[in-house]
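Numbering (the working numbering), first residue to last: 938 to 1353.
Note that CB positions come from ideal geometry on N, CA and C, so glycine has one too.
These notes concern the structure reproduced below.
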Amino acid sequence: MTADRIAPLDRALLSYTRQPVVTTAVFDLKGPAPTLDAVRDRVRSRLPGLPVLCRTAGPRSTRWGHAEPDLELHVRHMEAAPGGLDDATRTLIDRPLPSPRAPLWDLWLQTAPAADRHRLCLRFHHGLTDGVGHVNLAAALLCDGPVAPFPRHRPGRPTVAGIARLLQETTRRPNKDWPELSAPTGGPSTWSYADVDMSQLRGAARRFGGTVNDVYLTALAGAFRAWRRLTDSAAPAAAPPDLPVCISMSVRRAGDEYIGGNYVVAADIDLPVSTPDPLEAARRVTEANRRLEDIRYRNSFPSPTSLPVPTALLRAALTAGSERSLATATYLPFPGVWTCFGTRVAATAALIVLTCNTRCFTTLHRINGNARFTAIHDSSLPHAERLPSLWLDALAELADAGPGPRPGRHAALSTP
């Protein structure tokens, strides 16, 4: 595929016109904010090395266009109300990008009066790049010095078991066991989050021999179990069903760090919501994730940038996927030490426009020793703003269930 031809998956993501699929990387920094001129000067100096930031495309484009970004339009300042930084960030979730004829990104410096922190919010159209590409581009555009790119995928030969798993997932029936999550979206998107020190996640992982991602998903199962009891009056009398969620895996190789496109594959796993014992739930999650690695599942996909599939068929596949897996869960550990404008990044999160009737999207992002659990959800979804608190409760329960010393709960919650 030539460099200016838009890959099929990217075309499918670009084709959503009613609500363009925009992703936002949020970076929290403490202390005085840089000036808007300083932010624009840095972006201007980095643009020549990042040609993807000059790409343009419309909903029906088959080739990328090129335009120089107007930094008056693409790098802007938003002053939040006192104490309203989270509300200001919420407005960016559904906010349109500058122009369909302009490059498909923008950057916001967000401040609030008398606040001891500020934010940088870098937004991309999902058709331009995926989550790992977003991280790499953010580092190259904003960080004070070089930061190691996200670990590269090392491709290998597919396995029969991996291909069989892929075919099994594509033929899976829509899930009807969670009507709260399968109903059409009913309101604008919003977000809530909780911060936790990475030492707690690593300590919990050591207790049962899993990874931080295993801990994240196990606690997520516990959070959805508690949330189901809040939303379903019949839940106390019956064990809730397991919840299928979509997880994404990067297939960006060495040399792909700063190029556009979506180099990602997806897998469905069942969160063990039906399992009340946190250690048994952790065992099930760990086994499911290890199985994906053992069968080299991510090698079972054709190249996501060259698969010759019509846009309409890919959109139908995305919708069908959201009917099988009723929520999405991603984990991104940011490599290296991040400082921006002389300030160490305190926390980071990812926000995304909810599409294809997906009503809940959760992420765990690790940076500089902090982990932030974020729930992006339909504002009409009952009690969804409590998911971060419920996740922290489930994390504490998992830590208490294992052998060894039990760490105290150290976390910060926020619900705009």
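Residue i - containing beta strand (DSSP E), residue span
i	result
W1164	Where W1164 is concerned, there is no enclosing beta strand (DSSP E), although the alpha helix (DSSP H) it sits in stretches over V1149 to T1168.
R1281	T1280 to I1289
Coil, strand or helix - residue i by DSSP
i	result
Q1137	helix
C1080	coil
W1042	strand
A1176	coil
I1030	helix
G1341	Bear in mind that the predicted position of G1341 carries a pLDDT of just 45, short of 50, making it too unreliable to give a figure here.
L1068	Residue identity differs from the one stated: residue 1068 is Gly in this sequence, not Leu. Correct three-state label for G1068: helix.
A986	With the sequence shown as reference, residue 986 is identified as Gly, and Ala is not the correct amino acid for it. Residue state, collapsed to three classes: helix.
H1003	strand
C1277	strand
R1089	coil
R1388	Given a span of 938 to 1353 for the chain in the structure shown, any question on residue 1388 remains unanswerable.
R942	strand
F1145	helix
S1326	helix
N1294	coil
N1112	coil
S1237	helix
A970	coil
G1021	coil
T954	coil
Bridge partners - residue i, DSSP secondary structure assignment
i	result
E1016	T1048
H1062	V959
R1056	D965 and Q1047
Y1268	L1301
L1208	L1180
D1315	S1126
T993	G1002
Residue i - containing alpha helix (DSSP H), residue span
i	result
P1215	P1215 to D1231
R1261	T1248 to R1261
I1100	V1097 to T1107
A949	P945 to L951
P1116	P1116 to S1119
E1009	L1008 to H1011
message: Runs of 3 residues minimum, wholly inside the region 1175–1204: which ones carry the beta strand (DSSP E) assignment?
response: 1180–1187
Practice item. State whether the region 1089–1101 contacts the region 1277–1293, with contact taken as three or more CB pairs (one from each stretch) at a distance under 8 Å. Key: no
Can at least three beta-carbon pairs, one atom from the region 1226–1240 and one from the region 1107–1121, be found at a separation below 8 Å?
no
Within 8 Å, do at least three Cβ pairs link the region 1158–1172 to the region 1135–1144?
no
**Stretch pair the region 944–951 + the region 1007–1024: three plus CB contacts closer than 8 Å** = no
Notebook entry, point to check: With a cut-off of 8 Å, do at least 3 Cβ pairs link the region 1047–1055 to the region 1083–1090?
Noted result: no
*Please determine if the region 1056–1076 and the region 1245–1262 are in contact, where contact requires at least 3 C-beta pairs separated by less than 8 Å.*
no
Subject >> At least 3 beta-carbon pairs within less than 8 Å: the region 1292–1306 vs the region 1030–1040 >> reply: Judged by Cβ distances under 8 Å, the region 1292–1306 makes no contact with the region 1030–1040, as fewer than three pairs qualify.
TODO: Please determine if the region 1310–1319 and the region 1110–1130 are in contact, where contact requires at least 3 C-beta pairs separated by less than 8 Å.
DONE: yes
- Check whether the region 1185–1198 touches the region 1215–1222, taking contact to mean three or more Cβ pairs, one atom from each stretch, closer than 8 Å. no
Taking contact to mean 3 or more Cβ pairs, one atom from each stretch, closer than 8 Å, check whether the region 970–977 and the region 1085–1094 are in contact.
no
**Message:** Pairs of beta-carbons, one from the region 1297–1304 and one from the region 1255–1268, closer than 8 Å: are there three or more?
**Reply:** yes
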